[in-house]
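**Q**
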Amino acid sequence: MAQSAKAPKILIIYTGGTIGMVETPNGLQPFDFSHLMDNVPKIGKLGYQIESVQFPQPIDSSNMNPSYWNQIVKDIADRYDEFDGFVVLHGTDTMAYTASALSFMLRDLRKPVVITGSQLPIGDIREDGTENLISAVEVAAAKDENGDPMIQEVVISFQDYIIRGSRSTKFTSTGFHAFKSFNYPALGTIDLHINYAKPYLMRHNENLPLNPFYSMDPNILVLWLYPGITEDVVKAQLATPGIKAVILRTFGAGNAPTEQWFLDALSDAVKKGLIIYNVTQCLNGGDEQKRYYTGDMLAKAGVISGYDITVEAAVTKMMYLLGSGLSKDAIVQYLTTPIVGEMTVN
Ligand code: ASP
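Residue numbering for the sequence shown follows our numbering, beginning at 7 and increasing consecutively.
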């Protein structure tokens, strides 16, 4: 299809991941973007103006880290005014972390940032990458009835769902429907049509310029509780040099053992300045720290409730807040307040 002057302009940022991988004697490895696009000639039928940038060395997303997040943020910020929307091609393994990180780092975002990838490489005989890529480009180009971008936030578009980036979790390593938002409704469904769930989309009062953030602070620890965890293990982890905050993966509605050594270890850590954030191991639901005695004891030890935040959003929100140079009191305040729709506080 010929491009019209009004054709949507979309920038594709290729970071790597299975979607663009090729088989090598040592297993699947990321490959060049041109190889990927050569295998999707029908994308031209959309009639959009599509440009692309790629990581100098595309990666398996297991190698994702804050410097790569900075790179993606910079790629978007550098050309923010030029494009209607952005598609980030990314491995599925850490996609939910990147979707959460970008949600915090792309401050005052007003345009679509649509992340996708695939479980099988484009170019394989049977694969999910072609449809995921084309749908993501369409989502990034979609406008609402006022001519404004339909999506004004970071989302994952994958197989048949569009979900908020800061609510996303990868929940299957084999199924094509790899991502879910367990605590917030899908922003849209992809079937014969792309259907947007308008009441759930993010809308903004002011039209501000993008305010990119590049200072994520990774000095955190995720402490996963299990029955039988020993005092030595807990104390050794809490004594990790340099950490400023702990994501405590608790049971059920935010519960933990009430043995005295455990509660003392937590309150000593809080007194020494560590921020401890309660994030349940359950995928659905969230913390209600005050519901059980066991959770209430955590609150009394100074642990902050994460409500229904995902661990991916908790990790990246903590890196974002620690990197923002805020006081401890302000960080604690933000941890219990939604910034980009990542949690529901009740
Ligand atoms: N290991 C791959 C990655 O995350 C998996 C995938 O893309 O599905 O880069």
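Heads up, the beta-carbon is just placed ideally off N, CA and C, and yes, glycines get one too. Quick caveat, the model's predicted, so the values are computed rather than measured.
1) In angstroms, rounded to a whole number, what distance separates the CA positions of D223 and I253?
2) Is Y167 closer than 9 Å to K186 when the C-beta atoms are compared?
3) Give me the residue from I235, R116, Q35 and M325 with the minimum Cα distance to M208.
4) In three-state DSSP terms, what is M27?
5) Going by the DSSP bridge assignment, what does M256 pair with across the sheet?
6) Would you check if the region 307-315 and the region 280-297 touch, i.e. whether three or more CB-CB distances between them fall below 8 Å?
7) Please determine whether the Cβ atom of G23 lies at a distance below 8 Å from any heavy atom of the ligand ASP.
8) Just tell me which of L112, G50 and E133 has its CA closest to the CA of Q77.
9) Suppose contacts are defined by Cβ-Cβ distances below 9 Å. Is A83 in contact with L214 by that definition?
10) Just the C-alpha distance for S58 and L289, rounded to the nearest angstrom, thanks.
11) Within a Cβ cutoff of 7 Å, which residues of the same chain sit near F182, ignoring the five residues on either side of it in sequence?
12) Just the Cα atoms here: how many angstroms apart are T246 and L272?
13) Near A319, which residues of its chain fall below 6 Å by C-beta distance, leaving aside the five closest residues on each side in sequence?
14) Select from M27, Q295 and G279 the residue whose C-alpha is nearest the C-alpha of D130.
15) Check this for me: beta carbons of K250 and N211, under 9 Å apart or not?
16) Give a single yes or no on whether I128 has its beta carbon closer than 8 Å to a heavy atom of the ligand ASP.
17) Between the alpha carbons of V119 and V143, how many angstroms are there, rounded?
18) Sort out for me which residues DSSP pairs E57 with in a bridge.
19) Could you give the residue range of the alpha helix (DSSP H) that holds V351?
20) Pick from A259, Y220 and L229: whose alpha carbon is nearest that of L328?
21) Counting along the chain, where does the alpha helix (DSSP H) carrying N201 start and finish?
22) How close, in whole Å, do the beta carbons of I128 and M101 come, if the pair is a contact with beta carbons under 8 Å?
23) With a threshold of 6 Å on Cβ separation, who are the neighbours of D274 within its own chain once the five nearest residues in sequence on each side are excluded?
24) Decide yes or no for the touch test of the region 86-95 against the region 188-202: beta carbon pairs closer than 8 Å, at least 3 of them.
25) Does the distance from the CB of L17 to the CB of F61 come in under 9 Å?
26) May I have the straight-line CA-CA distance separating F37 from I162, to the nearest angstrom?
27) Figure out for me which residue from G22, V145 and I56 has the closest Cα to the Cα of V160.
28) Please report the Cβ distance between T322 and T175, rounded to the nearest whole angstrom; I am assuming they are in contact, meaning their Cβ atoms lie under 8 Å.
29) For a test of your reading of the model: does the CB of T316 fall under 8 Å from any non-hydrogen atom of the ligand ASP? Yes or no.
30) Can you give, in chain order, each stretch of the beta strand (DSSP E) that sits fully within the region 300-334 and has at least 3 residues?
31) Looking at P218 and Y206, is the spacing between their C-beta atoms short of 9 Å?
32) Does DSSP put Y86 in a helix, a strand or coil?
33) For L184, does the count of other Cβ atoms within 10 angstroms reach 16, so buried, or fall short, so exposed?
**A** On the basis of the supplied data:
1) Start at 1 with the first residue of the sequence shown, and residue 223 comes out as number 217. Start at 1 with the first residue of the sequence shown, and residue 253 comes out as number 247. Between the alpha carbons of D223 and I253 lies a gap of roughly 14 Å.
2) Walking along the sequence shown from the start, residue 186 turns up at place 180. Walking along the sequence shown from the start, residue 167 turns up at place 161. Taking 9 Å as the Cβ cut-off, K186 and Y167 qualify as a contacting pair.
3) As a position in the sequence shown, residue 208 is number 202, starting the count at 1. If we check each option's Cα against that of M208, R116 comes out closest.
4) The residue you call residue 27 lines up with position 21 of the sequence shown. Taken through DSSP and simplified to helix, strand or coil, M27 comes out as strand.
5) By 1-based counting over the sequence shown, the position of residue 256 is 250. Going by the sequence as given, residue 256 is Thr instead of Met. The beta-bridge partner set that DSSP reports for T256 consists of T286.
6) The region 280-297 is in contact with the region 307-315.
7) Position 17 of the sequence shown holds residue 23. Correct: G23 has its Cβ closer than 8 Å to the ligand ASP.
8) Within the sequence shown, numbered from 1, the residue matching residue 77 stands at position 71. Residue L112 is the option with its Cα nearest to Q77.
9) As a working mapping, residue 83 is identified with position 77 in the sequence shown. As a working mapping, residue 214 is identified with position 208 in the sequence shown. L214 sits away from A83, with the two beta carbons spaced by 9 Å or more.
10) Mapped onto the sequence shown, residue 58 falls at position 52. Mapped onto the sequence shown, residue 289 falls at position 283. Annotation: S58 to L289 spans about 35 Å, alpha carbon to alpha carbon.
11) The count along the sequence shown starts at 1 and reaches residue 182 at position 176. Cβ within range, chain order: Q125, D134 and Q165.
12) By one-based count along the sequence shown, residue 246 stands at place 240. By one-based count along the sequence shown, residue 272 stands at place 266. The alpha-carbon atoms of T246 and L272 are separated by roughly 14 Å.
13) Here residue 319 refers to the residue found at position 313 of the sequence shown. Only residues of its own chain outside the window of five on either side were considered, and among them S106, S172 and E348 have a CB closer than 6 Å to the CB of A319, listed in chain order.
14) Here the question's residue 130 lines up with position 124 in the sequence shown. If we check each option's Cα against that of D130, M27 comes out closest.
15) Here residue 250 is taken as the residue at index 244 of the sequence shown, counted from 1. Here residue 211 is taken as the residue at index 205 of the sequence shown, counted from 1. Result no, Cβ atoms of K250 and N211 do not sit closer than 9 Å.
16) Stepping through the sequence shown from its first residue, residue 128 is reached at position 122. Of the heavy atoms belonging to the ligand ASP, none sits nearer than 8 Å to the Cβ of I128.
17) Looking up residue 119 in the sequence shown gives position 113. Looking up residue 143 in the sequence shown gives position 137. Their Cα atoms are separated by approximately 10 Å.
18) Taking the sequence shown and counting its residues from 1, one reaches residue 57 at position 51. Within the DSSP bridge table, the entry for E57 names L17 as partners.
19) Mapped onto the sequence shown, residue 351 falls at position 345. For V351, no alpha helix (DSSP H) encloses it, and the DSSP letter there is neither H nor E.
20) Stepping through the sequence shown from its first residue, residue 328 is reached at position 322. Nearest C-alpha to L328: Y220.
21) Counting from 1 along the sequence shown, the entry for residue 201 is found at position 195. That residue, N201, is in no alpha helix (DSSP H); its beta strand (DSSP E) goes I200 to Y202.
22) To locate residue 128, count along the sequence shown from 1; it is residue 122. To locate residue 101, count along the sequence shown from 1; it is residue 95. So it is not a contact: roughly 16 Å between Cβ atoms.
23) Position 268 of the sequence shown, counted from the first residue, corresponds to residue 274. Nothing listed; no residue qualifies.
24) Judged by Cβ distances under 8 Å, the region 86-95 makes no contact with the region 188-202, as fewer than three pairs qualify.
25) Translated into the one-based positions of the sequence shown, residue 17 becomes position 11. Translated into the one-based positions of the sequence shown, residue 61 becomes position 55. The Cβ-Cβ distance between L17 and F61 does not fall below 9 Å.
26) Within the sequence shown, numbered from 1, the residue matching residue 37 stands at position 31. Within the sequence shown, numbered from 1, the residue matching residue 162 stands at position 156. C-alpha separation (whole angstroms): 22 Å.
27) As a first step, residue 160 must be located in the sequence shown, where it is residue number 154. Closest option to V160, Cα to Cα, is V145.
28) For this step, residue 322 is matched to residue 316 along the sequence shown. For this step, residue 175 is matched to residue 169 along the sequence shown. A Cβ-Cβ distance of about 13 Å is found for the pair T322 and T175, leaving them out of contact under the 8 Å criterion.
29) The sequence position of residue 316 within the sequence shown is 310, counting from 1. For T316, the shortest C-beta to heavy atom distance toward the ligand ASP is 8 Å or greater.
30) Listed in chain order, nothing qualifies, since the region 300-334 has no complete beta strand (DSSP E) run of 3 or more residues.
31) Position 200 of the sequence shown holds residue 206. Position 212 of the sequence shown holds residue 218. Cβ distance not < 9 Å, so Y206 and P218 don't count as in contact.
32) Numbered from 1 along the sequence shown, position 80 holds the residue referred to as residue 86. Residue state, collapsed to three classes: coil.
33) Position 178 of the sequence shown, counted from the first residue, corresponds to residue 184. Here residue 184 turns out to be Ala, not Leu, going by the sequence shown. Note on A184: 16 or more other CB atoms within 10 angstroms of its CB, so buried under the neighbour-count rule.
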